[in-house]
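Participant: Handing you a structure now.
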Amino acid sequence: MLAKKFRGCLIGALSGDCFGAPYEDEPVSAISKTQLQTYFDNLEGPPFKTPQYRYTDDTAMTKCVAESLIAHNAFNAYDMAERFVKEYYVDPNRGYGANVTDVFGKLNIQNLENVWKPAEEQFGGSGSYGNGGAMRVAPVPLFAHKNYDLMLDIAEKSTRLTHTHPLGVNGALLQTLAIYLCLKRNPETPLDIAEYTKELIDKISIIESQSNRVVSDQVSYRGQLLKLQTLLELGDNVVPYQIAEELGTDVSAVFSVPTAIYCFLRAQNPVPDINTSSPFRRTIQLAISLGGDTDTIASMSGAIAGAYYGIDSISQNLQNLAEGREIIDSLAMKLYNQVTN
Ligand code: F2R
Ligand code: MG
Ligand code: MG
Ligand code: MG
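Numbering (the UniProt record's numbering), first residue to last: 1 to 341.
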């Protein structure tokens, strides 16, 4: 089952990215639920002649993280940074964040002299709080799930290569934890949503209370997860607009990672206007219906859902339409072989 979970996690991330990308930046009010239903019905339906859906920066960088961990069987900051830079310069038109490209530029010019410095210099020294660390972190819990402290350490360091703001780092840690908790749970028994959420809140609260990861008084991941709990309790009595309003759907990690987790948890049960028997599809369809940073929120929720349900939950037709499926699947299997041998 673990191999299926590894594959589900990375192919889930890829699928969310590829199928969410056409909707990126659409406001929630502009997304027709009927049209989105038809879009997914077509993707999952009988094969039709169409180009594959292109992946974006989310997958380009996830690929680098996985390849680097596999090559070194460890976290190697220099190697991972070099892969980010090479990937960007070979293929820059993948919809990268507006400012992260400055980090790649500096790393390139300085010949990776100090791999940590360019990220520390972002935004006048406060660092980026974008979701770019969280969106690419999925290979880390796969690689290091057997060693909790090492897993958090790699998640933090791999994020700090581009994002040093506490909200950027903690967002990647929360996404890591969400996947980690799914790897350990059996999808054949119903998920205890309350217990899962409580464990997530307990773990992120410990992280947020550590002095080097202080967050502002106004916004915290603990606070966002408490809102998520309230929204889950409301069940069907909550519309996409409210979810987007309360949890956020933008490129900042704090207003997107908890949203992705909400989609995974809400999609454990049927959702109005989403007609499918597949909880994986329900997860990413719900994520996209919220608008905003759709590729990234669908990718992060897809990684979590795939780590819980496994690869068999993602329909073959859907997989076949995602650019890079073979490469990503092979990276998932390499990670699996590495950690189980
Ligand atoms: N960039 C996009 N989408 C824009 C549209 C792309 C277009 N469709 C196309 O095809 O070209 N998506 C990708 O960016 C997000 C990940 O961004 P990342 O890696 O975190 O980048 P960055 O530049 O570090 O942060 C993103 C923005 O957040 C704001 N921000 C971050 N920290 C800040 C701070 N300390 N102070 C003020 N603002 C801060 C800035 O606006 C950054 O530009 C994903 O959605 C990925 O899909
Ligand atoms: Mg993207
Ligand atoms: Mg720039
Ligand atoms: Mg995005």
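Positions of the beta carbon are idealized from the N, C-alpha and C atoms, including for glycine.
On the criterion of 16 or more Cβ atoms from any shown chain inside 10 Å, does Gln175 qualify as buried, or is it exposed?
Facilitator: Stepping through the sequence shown from its first residue, residue 175 is reached at position 175. By the neighbour-count rule (16 or more Cβ atoms within 10 Å), Gln175 is buried.
Participant: Between the segment 12–19 and the segment 315–324, do three or more beta carbon pairs fall short of 8 Å?
Facilitator: Judged by Cβ distances under 8 Å, the segment 12–19 makes contact with the segment 315–324, as three or more pairs qualify.
Participant: Distance, Cα to Cα, His165 vs Ile193?
Facilitator: As a working mapping, residue 165 is identified with position 165 in the sequence shown. As a working mapping, residue 193 is identified with position 193 in the sequence shown. The alpha-carbon atoms of His165 and Ile193 are separated by roughly 30 Å.
Participant: Can you look up Val271 in the DSSP assignment and give me helix, strand or coil?
Facilitator: Within the sequence shown, the letter at position 271 stands for residue 271. Three-state DSSP puts Val271 in a strand.
Participant: From the DSSP output, read off the bridge partner residues of Gly130.
Facilitator: Indexing the sequence shown from 1 puts residue 130 at position 130. Paired residue(s): Ser252.
Participant: If distances are taken between C-alpha atoms only, which option among Ser128, Pro51, Lys184, Ile297 comes closest to Asp58?
Facilitator: Mapped onto the sequence shown, residue 58 falls at position 58. Out of Ser128, Pro51, Lys184, Ile297, Ile297 has the C-alpha closest to the C-alpha of Asp58.
Participant: Between the Cα of Leu225 and those of Ile261, Tyr96, Glu245, spot the shortest distance and give me the residue it belongs to.
Facilitator: Taking the sequence shown and counting its residues from 1, the one referred to as residue 225 is at position 225. The candidate whose alpha carbon is nearest that of Leu225 is Ile261.
Participant: I'd like the ranges of any beta strand (DSSP E) spanning at least 3 consecutive residues and lying wholly in the segment 168–219.
Facilitator: List check, beta strand (DSSP E) in window: nothing returned.
Participant: What separation, rounded to the nearest whole angstrom, lies between the Cα atoms of His187 and Arg281?
Facilitator: Counting from 1 along the sequence shown, the entry for residue 187 is found at position 187. Counting from 1 along the sequence shown, the entry for residue 281 is found at position 281. In the sequence as presented, His is not what sits at residue 187; that position holds Pro. Roughly 15 Å separates the two Cα atoms.
Participant: Tell me which same chain residues have a C-beta within less than 8 Å of the C-beta of Thr197, skipping the five on either side of it?
Facilitator: The residue you call residue 197 lines up with position 197 of the sequence shown. Excluding positions up to five away in sequence, the list reads Leu225, Leu228, Gln229, Leu232, Leu265.
Participant: Nearest by alpha-carbon distance to Val65: which of Ala77, Thr56, Asp295, Asp149 is it?
Facilitator: Here residue 65 refers to the residue found at position 65 when the sequence shown is read from its first residue. Cα-wise, what sits closest to Val65 is Ala77.
Participant: Are Thr283 and Gly310 touching if we call contact CB-CB under 8 Å?
Facilitator: Within the sequence shown, residue 283 is the residue found at index 283, counting from 1. Within the sequence shown, residue 310 is the residue found at index 310, counting from 1. Their beta carbons are not under 8 Å apart, which means Thr283 does not touch Gly310 by this criterion.
Participant: What residues in its chain sit with their C-beta under 6 Å from that of Val85, if we drop five residues either side in the sequence?
Facilitator: Sequence index remark: in the sequence shown, residue 85 carries index 85 (1-based). Within the same chain, Val85 has close Cβ partners Phe104, Leu107, Asn108.
Participant: Say the cut is 7 Å; is the CB of Gly95 nearer than that to a heavy atom of ligand 2?
Facilitator: Against the sequence shown, residue 95 aligns to sequence position 95. Checking every heavy atom of ligand 2 against the Cβ of Gly95, one is found closer than 7 Å.
Participant: DSSP three-state call for Tyr89: helix, strand or coil?
Facilitator: By 1-based counting over the sequence shown, the position of residue 89 is 89. It is helical.
Participant: How big is the Cα-Cα spacing for Gly95 and Thr56?
Facilitator: On the sequence shown, position 95 is the one that residue 95 refers to. On the sequence shown, position 56 is the one that residue 56 refers to. Whole-angstrom Cα-Cα distance: 6 Å.
Participant: Output the boundary residues of the alpha helix (DSSP H) element that contains Pro27.
Facilitator: Here residue 27 refers to the residue found at position 27 when the sequence shown is read from its first residue. From DSSP, Pro27 is part of no alpha helix (DSSP H); its letter is neither H nor E.
Participant: Only counting the same chain, and skipping five residues up and downstream in sequence, which positions put a Cβ closer than 7 Å to that of Ala244?
Facilitator: For the purposes of this step, residue 244 is taken as the residue at position 244 of the sequence shown. Val28, Leu290, Gly291, Gly292.
Participant: Assuming Glu120 contacts Gly127 (C-beta within less than 8 Å), just tell me the rounded distance between them.
Facilitator: Here residue 120 is taken as the residue at index 120 of the sequence shown, counted from 1. Here residue 127 is taken as the residue at index 127 of the sequence shown, counted from 1. Rounded, the Cβ-Cβ distance is 6 Å, consistent with contact.
Participant: Considering only C-alpha positions, which residue in the set Ser252, Thr34, Phe40, Lys33 is nearest to Asn170?
Facilitator: As a first step, residue 170 is located in the sequence shown; it is residue number 170 there, counting from the start. Taking only the C-alpha atoms, the option nearest Asn170 is Ser252.
Participant: Under the DSSP definition of a beta bridge, which residues are partnered with Tyr53?
Facilitator: Here residue 53 refers to the residue found at position 53 of the sequence shown. Paired residue(s): Ala322.
Participant: Can you grab the Cα-Cα spacing for the pair Gln210 / Ile204, in whole Å?
Facilitator: Numbered from its first residue, the sequence shown carries residue 210 at position 210. Numbered from its first residue, the sequence shown carries residue 204 at position 204. Gln210 and Ile204: Cα-Cα distance of roughly 10 Å.
Participant: Give the DSSP-derived three-state secondary structure of His72 in the structure shown.
Facilitator: Locating residue 72 in the sequence shown gives position 72, where the first residue counts as 1. Note: His72 maps to helix in three-state DSSP.
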